[in-house]
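Participant: Here's a structure for you.
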Amino acid sequence: MKDKIKVIHDLFKDENNYQKFLLEDEFIFESGDKLKNITVAYETYGKLNEDGTNAIIVCHALTGDAHASSFNNPDGRDGWWDGIIGEDKALDPKKYFIVCSNFLGSCYGTSGPASINNSTNQKFNLSFPKVTVRDMVHLQKYLIDYLGIQKIKTVIGGSLGGMQALEWALLYPELVESIIPIACGAKHSAWAIGLNEIQRKAIMDDPHWNNGNYYSQPLNGLATARMLAMMTYRTNMNFENRFGRSVKEIIEKKPFYEVESYLHYQGKKLVARFDANAYLYITHAMDSHDIGKDRNGVVNALNSIIAITLVIGIDTDILYPTNEQKEIAENVANGRYHEIKSVYGHDAFLIEFEQMNPAIKNFLESL
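So the sequence shown is residues 1 to 367, counted in the working numbering.
What follows is the structure, encoded as structure tokens:
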């Protein structure tokens with residue numbers, strides 16, 4: 001495997017300084033499409049032990065990236081999971097070799113619709129092959145082989161990251177000792193698919209989207225998609241406590257509420273850092289998530305998981321309610337369930353570190 005992978009230095013300039021490699025071998029997507037020269041961006045924290053068995057794979061969510069932690073550069077930008085990864089935290093780089101890669105189809109260094117097609121010298125846009133969660137995991141396996149990892153201590157992630165963790169346990173059971181899927185289900189529900197479709201329609205209805213062949217971002221559509229998503233990531237209680245009916249300013253004799261200002265701000269923040277087509281591809285990948293596909297249904301798939309499993313749910317999550325996590329824990333032979341109590345809803349896995357650290361740490365120490 002290693003001779004098929006070429007390490008790339010300065011493949012392209014970016015402010016994130018991800019490590020990168022190029023898979024020169026032909027990658028076969030679940031759809032049957034094939035693509036050569038796929039680039040993967042990743043970061044590692046800590047050192048791999050001599051027998052290659054102390055690795056932890058961290059999988060990010062929809063608009064995340066490989067920069068899960070600032071451990072390697074404390075003076076740099078914050079990592080999205082600094083509260084979990086660090087010395088004396090649940091994922092301690094002085095104890096484990098932690099790997100986080102940007103998944104297939106994203107726009108933070110790994111190949112996706114925003115990447116350049118070497119055959120045309122143009123962006124792939126919608127000509128990039130359809131991506132599924134299983135495709136994401138299969139590509140990550142190439143990276144794991146390249147890094148010399150012989151056994152994975154655990155695969156952990158929230159939301160879409162949790163979906164990847166489940167697929168890791170099913171696609172590579174001999175490699176994965178345990179998994180920690182957080183705030184996700186065994187399959188994407190009709191509720192979640194419907195919410196994703198509204199977000200996609202907002203993007204595609206923006207005239208600047210131009211059937212995916214845009215020169216400048218469809219800013220309004222992507223911003224609106226993000227605004228809707230933010231409503232599903234939090235809770236009524238959180239918004240009421242934080243904003244209530246406070247007014248930011250009066251515009252043309254009409255109140256512009258603090259909550260409106262917050263949502264507009266979140267929309268503008270995303271369009272400055274994310275690609276609209278990547279958003280479409282990744283939400284479609286999430287909708288493809290169904291561990292029961294080609295495995296005789298969800299229950300049979302869960303019954304077949306041999307990895308020791310800690311499933312973490314969030315009591316106020318309206319996007320992936322706790323009954324979805326309980327279904328996983330109840331049907332995995334070595335499954336257990338832990339619930340986070342929070343006013344933050346789905347986003348709690350990015351916030352409630354005081355509750356998550358001991359739960360994850362105790363689980364890993366019990367292995």
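Glycine residues also receive a C-beta, built at the ideal position from the N, C-alpha and C atoms.
Please read these numbers as outputs of a predicted model, since none were measured by experiment.
If I measure Cβ to Cβ from residue 36 and keep anything under 6 Å in the same chain, skipping five residues before and after, which residues do I get?
Facilitator: Same-chain partners within the cutoff: 26.
Participant: If we cut at 9 Å on Cβ distances, does residue 198 have a partner in chain B?
Facilitator: No chain B appears in the structure shown, which is made up of a single protein chain.
Participant: Measure the CB-CB distance between residue 328 and residue 186 and report whether it falls below 9 Å.
Facilitator: Contact flag set, yes.
Participant: Just to confirm before moving on: does the CB-CB distance between residue 332 and residue 314 stay below 9 Å?
Facilitator: The answer is no: Cβ separation not under 9 Å.
Participant: For residue 181, report the span of its beta strand (DSSP E) as first-last.
Facilitator: Its beta strand (DSSP E) spans residues 178-182.
Participant: Report, in whole angstroms, the separation of the C-beta atoms of residue 179 and residue 165, which I expect to be a contact under 8 Å.
Facilitator: Contact holds; Cβ gap of about 4 Å.
Participant: Counting C-beta neighbours from all protein chains within 10 Å, is the total for residue 360 16 or more, i.e. buried, or is it exposed?
Facilitator: Residue 360 is buried by the Cβ-count criterion.
Participant: Closer than 7 Å by C-beta to residue 83: which residues in its own chain qualify, once you throw out the five before and the five after it? Chain order, please.
Facilitator: Counting only Cβ-Cβ distances below 7 Å, and skipping sequence neighbours, we find 353.
Participant: Does the segment 43-57 come within contact of the segment 139-153, defined as at least 3 CB pairs closer than 8 Å?
Facilitator: A contact exists between the segment 43-57 and the segment 139-153.
Participant: Using only alpha-carbon positions, find the residue among 282, 287, 342, 310 that is nearest to residue 62.
Facilitator: It is 282.
Participant: Quick one: what's got a C-beta closer than 8 Å to residue 122's C-beta in the same chain, skipping five residues either side?
Facilitator: Taken in chain order, the residues that qualify are 116.
Participant: Identify, in the order they occur along the chain, each residue of the same chain with its Cβ nearer than 6 Å to the Cβ of residue 364, setting aside the five sequence neighbours on each side.
Facilitator: There are no such residues.
Participant: Keeping to the same chain, check which residues put their C-beta closer than 6 Å to that of residue 320; ignore five residues upstream and five downstream.
Facilitator: 183, 184, 185, listed in sequence order.
Participant: For residue 222, count neighbouring C-beta atoms within 10 Å of its own C-beta (all shown protein chains included) and say buried if the count is 16 or more, exposed if not.
Facilitator: The residue is buried, with at least 16 neighbouring Cβ atoms inside 10 Å.
Participant: Residue range of the beta strand (DSSP E) that residue 350 falls in?
Facilitator: Neither: residue 350 is in no beta strand (DSSP E) and is coded neither H nor E.
Participant: Label residue 77 either buried or exposed according to how many other C-beta atoms from any shown protein chain fall within 10 Å of its C-beta, with 16 as the threshold for buried.
Facilitator: Per the 10 Å Cβ criterion, exposed.
Participant: Nearest-angstrom Cα distance between residue 100 and residue 243?
Facilitator: About 35 Å.
Participant: Suppose you measure from the CA of residue 254 to the CA of residue 261; what does that come to, to the nearest Å?
Facilitator: Roughly 13 Å separates the two Cα atoms.
Participant: Determine the DSSP secondary structure at residue 295, reduced to helix, strand or coil.
Facilitator: Of the three classes helix, strand and coil, the one that applies to residue 295 here is coil, per DSSP.
Participant: What is the DSSP secondary structure of residue 273, reduced to helix, strand or coil?
Facilitator: Correct three-state label for residue 273: coil.
Participant: Only counting the same chain, and skipping five residues up and downstream in sequence, which positions put a Cβ closer than 6 Å to that of residue 66?
Facilitator: Correct list, in chain order: 18, 41, 42, 43, 100, 101, 102.
Participant: Is the separation between the beta-carbon of residue 158 and that of residue 318 shorter than 9 Å?
Facilitator: Cβ atoms of residue 158 and residue 318: not closer than 9 Å.
Participant: Helix, strand or coil: how does DSSP classify residue 362 here?
Facilitator: Of the three classes helix, strand and coil, the one that applies to residue 362 here is helix, per DSSP.
Participant: Measuring CB to CB, does residue 113 end up less than 9 Å from residue 34?
Facilitator: Against a cut-off of 9 Å, the Cβ pair of residue 34 and residue 113 comes out as no contact.
Participant: Looking at the structure shown, is residue 161 part of a helix, part of a strand, or coil, going by DSSP?
Facilitator: Three-state DSSP puts residue 161 in a helix.
Participant: Closest to residue 162 by CA distance: which of 330, 290, 210 is it?
Facilitator: Nearest option by C-alpha distance: 290.
Participant: What do you reckon, are the CB atoms on residue 80 and residue 350 nearer than 9 Å?
Facilitator: Yes, the pair counts as a contact, with Cβ atoms nearer than the cut-off.
Participant: If you follow the alpha helix (DSSP H) that residue 339 is in, where does it begin and where does it stop?
Facilitator: Premise fails: residue 339 lies in the beta strand (DSSP E), 335-340, not in any alpha helix (DSSP H).
Participant: Exposed or buried, which one is residue 344 when buried takes at least 16 other CB atoms within 10 Å?
Facilitator: Buried, since its Cβ has 16 or more Cβ neighbours within 10 Å.
Participant: Below 9 Å between beta carbons: does that hold for residue 200 and residue 229?
Facilitator: Cβ distance not < 9 Å, so residue 200 and residue 229 don't count as in contact.
Participant: Which residue's Cα is closest to the Cα of residue 133: 105, 233, 219, 146?
Facilitator: The shortest Cα separation from residue 133 among 105, 233, 219, 146 belongs to 105.
Participant: By Cβ distance, which residues of its chain are closer than 7 Å to residue 28, with the 5 residues on each side in sequence left out?
Facilitator: Only 34 meet the Cβ criterion.
Participant: What does the Cβ neighbour count give for residue 237, buried or exposed, with the cut at 16 atoms within 10 Å?
Facilitator: Looking at its Cβ environment, which holds fewer than 16 other Cβ atoms inside 10 Å, residue 237 is exposed.
Participant: Pop quiz: residue 170 and residue 301 are said to be a contact at Cβ under 8 Å. What is the actual Cβ separation, rounded to whole angstroms?
Facilitator: Between residue 301 and residue 170 the Cβ distance is about 6 Å, and since that is below 8 Å, they are a contact.
Participant: If distances are taken between C-alpha atoms only, which option among 140, 277, 220 comes closest to residue 21?
Facilitator: Closest option to residue 21, Cα to Cα, is 140.
Participant: Can you have a look at residue 1 and say buried or exposed, based on whether 16 or more other CB atoms are within 10 angstroms of its CB?
Facilitator: For residue 1, the predicted model reports a pLDDT of 39, less than 50, meaning its position is unreliable and no value from the coordinates is stated.
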